[in-house]
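Numbering-wise, my numbering puts 179 at position 67 of the sequence shown, and it's gapless, one number per residue. All C-beta atoms in this analysis are idealised placements derived from N, C-alpha and C, irrespective of residue type, glycine included. Bear in mind the structure is a predicted one, so any value in this text is a computation, not a measurement. First the structure, in the form of structure tokens, and then the observations on it.
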Amino acid sequence: SSSSAWIAPGRMICMAIGAASGGTAGGLKVTTLLAASRDGPAHHPAHRPAIVWITIYVSIVAIAMLILLTTESQVFPDRALFEVISATSNVGLSWGPMSPSPIGTCLYSVLMVLGRTLPWIILWHCARRAGDEEALAIG
């Protein structure tokens, strides 16, 4: 049915966004999207780091998709995207039973580590550059 066609894309969007700051869910976070939607760094100090994190997140997902689609011949693109977003956002959802190759297994592991560590690295770098006078609320 047409309503079930939106279930997977809706889940992927929710997995990519994640939750709010301070939550255990991974992903981009609601506050990152809010900071990115502001007018710019002059109006909100978290604008630039939010744009950086969103760009890195989308790049990671795109590169992982290319790797996965070239190494895993049995995976369909929509399912690969679902799995890559789930791993990068540390959600833990899966389309179904998986049997990835050793390269695929390593890729999923790297995505989980990157999804958890890169927001902290970006936040640390931006906070170090901004000083104590500016509060950052990303990732």
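Residue 203 carries a coil assignment under DSSP once its states are collapsed to helix, strand and coil. A direct Cα-to-Cα measurement between residue 191 and residue 240 gives close to 39 Å.
Under the three-state reduction of DSSP output, residue 231 falls in the helix class.
In this structure, the alpha-carbon of residue 224 lies about 15 Å from that of residue 233. Counted as a single uninterrupted DSSP element, the alpha helix (DSSP H) harbouring residue 170 occupies residues 159 to 183. Sixteen is the threshold: since fewer than 16 other Cβ atoms of the shown chains lie within 10 Å of the Cβ of residue 208, the residue is exposed. Residue range 142 to 148 is occupied by the alpha helix (DSSP H) that includes residue 145. For the set 165, 183, 175, 227, the Cα lying nearest the Cα of residue 237 is the one of 165. By the Cβ neighbour-count rule, residue 215 is exposed, with fewer than 16 other Cβ atoms within 10 Å of its own. For residue 230, the CB contacts under 7 Å within the same chain, skipping 5 residues up- and downstream, are 168 in chain order. If you check the CB distance, residue 143 and residue 176 do not come in under 9 Å.
A direct Cα-to-Cα measurement between residue 174 and residue 228 gives close to 17 Å.
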